[in-house]
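What the sequence shown shows, in our numbering, is residues 1110 to 1386, in sequence order.
All C-beta atoms, glycine included, are put in the ideal place defined by N, C-alpha and C.
Treat the numbers as computed from the prediction; the structure is a model and nothing was measured.
Accompanying notes for the structure given below.
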Amino acid sequence: MWDYSEKVKDHFFHPRNVGEIPDADAVGDVGNIACGDALRLTLKLDNGRIVDAKFKTFGCGSAIAAASALTEIVKGKTMEEAEKITNQDIADYLDGLPKEKMHCSVMGEEALEAAIADYRGFEKAPAEEGAIICKCFSVTDTIIERVIRGNNLSTIEQVTNYTKAGGGCKSCHPDIQRIINEVRGAEVAVAPKRAKKMSNIKKMKLIQETIEKEVRPVLMLEGGDVELEDIDGDTVYVSFSGSCAESPGAKATTRSTVESRLREFVTEELVVEEAAS
Ligand code: FES
């Protein structure tokens, strides 16, 4: 089960600086409602320092906590100081985020970068200027490269956790792997791990247990849910409800989360698909 720090819970239940500054000096918009996450950051400056920061987000509890933390971190800083803030700084301020939720800290860093670009009169932030690698979540090669370097990532699953890229149809996986190889060097391309052998009965029992104990309680905490519908070989069919079914992006994120938990607790061969309704 995802382990939220006390600080994440505090910023989720009591978010700081919610709203929008009407006469903001800088506005940073990132994300896409259709993808399940979006964040608007507005900043007010006085004498070259950020004197106020507010946010609006359509996202999960971790997105709210990360945006709330970001507004606290940037206050009092110059733009030069603010542009050094990384997603890891946001996660550290919250005493960490579950690895599956690190994309929320990256969204905060992107919103800040977009606000700084807006303040300086640029039309686009650097992260927006790269080539789109993941069409499902509109993630560019620039942002993928940055999170790989900044967070020492070496697998596609990690890139998905940090950016959502690769968490949908998976057609971008070869491109993500290519970028990982380019950034990290071909020698770190990891060989696939050996599958664990287990009986079908044990596998089905473990799948049921993992979904009930490791997945559903966390999804329900954020107003969503998933139900096991069928198992056919290594393919697990599930149905989504609540916030997990609100958009194609929310479904893709949930599907990816369920799959990563099942691969962690059962076997790496498992693939999760949405059951036909
Ligand atoms: S294009 Fe990246 S998951 Fe579909």
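Alpha-carbon spacing of D1119 relative to V1324, whole angstroms: Between D1119 and V1324, the C-alpha separation is close to 22 Å.
CB-CB length for F1164 against L1150, believed under 8 Å: Contact between F1164 and L1150 is confirmed by a C-beta separation of about 5 Å, below the 8 Å threshold.
S1177 classed as buried or exposed, judged by whether at least 16 other C-beta atoms fall within 10 angstroms: Buried, because 16 or more other Cβ atoms sit within 10 Å of the Cβ of S1177.
E1209, enclosing beta strand (DSSP E) - first and last residue: It is not in any beta strand (DSSP E) - E1209 carries neither H nor E in the DSSP assignment.
Validate contact between the segment 1339 to 1356 and the segment 1280 to 1289 using beta carbons, cut 8 Å, 3 pairs: These segments do not touch.
Residue span of the alpha helix (DSSP H) that contains D1284, given as start and end: D1284 -> alpha helix (DSSP H) spans H1282 to R1293.
Inter-residue spacing [alpha-carbon to alpha-carbon] between A1295 and S1263: Note on A1295: pLDDT 48, under 50, position unreliable in the model; no value is reported.
Coil, strand or helix - G1259 by DSSP: In the structure shown, the three-state DSSP call for G1259 is helix.
Inter-residue spacing [alpha-carbon to alpha-carbon] between A1385 and A1226: For A1385 and A1226, the distance between alpha carbons rounds to 44 Å.
Short Cβ contact (8 Å threshold) for Y1346 with E1382: Closer than 8 Å, so yes.
Host beta strand (DSSP E) of G1351 (start-end): For G1351, the uninterrupted beta strand (DSSP E) segment begins and ends at T1344 to G1351.
Helix, strand or coil at T1269 [DSSP, three-state]: The answer is helix: DSSP assigns T1269 an H, G or I state.
Nonlocal neighbours in the same chain, by C-beta distance under 8 Å from E1115, ignoring five residues either side: For E1115, the CB contacts under 8 Å within the same chain, skipping 5 residues up- and downstream, are D1204 in chain order.
Within 8 Å, strictly: CB atoms of N1270 and E1209: Yes, Cβ-Cβ distance for N1270 and E1209 is below 8 Å.
Euclidean distance between Cα positions of V1268 and I1159: If you take the alpha carbons of V1268 and I1159, they lie about 31 Å apart.
Runs of alpha helix (DSSP H) lying entirely within the segment 1115 to 1188, each at least 4 residues, in chain order: For secondary structure counted as the alpha helix (DSSP H) over 4 or more consecutive residues, the segment 1115 to 1188 holds these complete runs in sequence order: 1115 to 1122 and 1170 to 1183.
Backbone secondary structure at I1252 - three-state DSSP: I1252: helix per DSSP, three-state reduction.
Whether I1252 touches L1221 by CB criterion (8 Å): No, the pair does not count as a contact, with Cβ atoms beyond the cut-off.
Start-to-end residues for the alpha helix (DSSP H) that takes in D1198: Here the alpha helix (DSSP H) through D1198 covers N1196 to Y1202.
Coarse secondary structure for D1112, derived from DSSP in three states: D1112: coil per DSSP, three-state reduction.
Start-to-end residues for the beta strand (DSSP E) that takes in E1336: Taken as a continuous stretch (DSSP letters only), the beta strand (DSSP E) holding E1336 covers G1333 to D1341.
Near the ligand FES: A1274 beta-carbon under 7 Å from a heavy atom: Answer for A1274: yes, Cβ within range of the ligand FES.
I1242 - containing beta strand (DSSP E), residue span: Its beta strand (DSSP E) spans residues I1241 to C1243.
Pick from R1125, N1126 and L1148 that is closest to V1136, judged by C-alpha positions: Ranking R1125, N1126 and L1148 by Cα distance to V1136 puts L1148 first.
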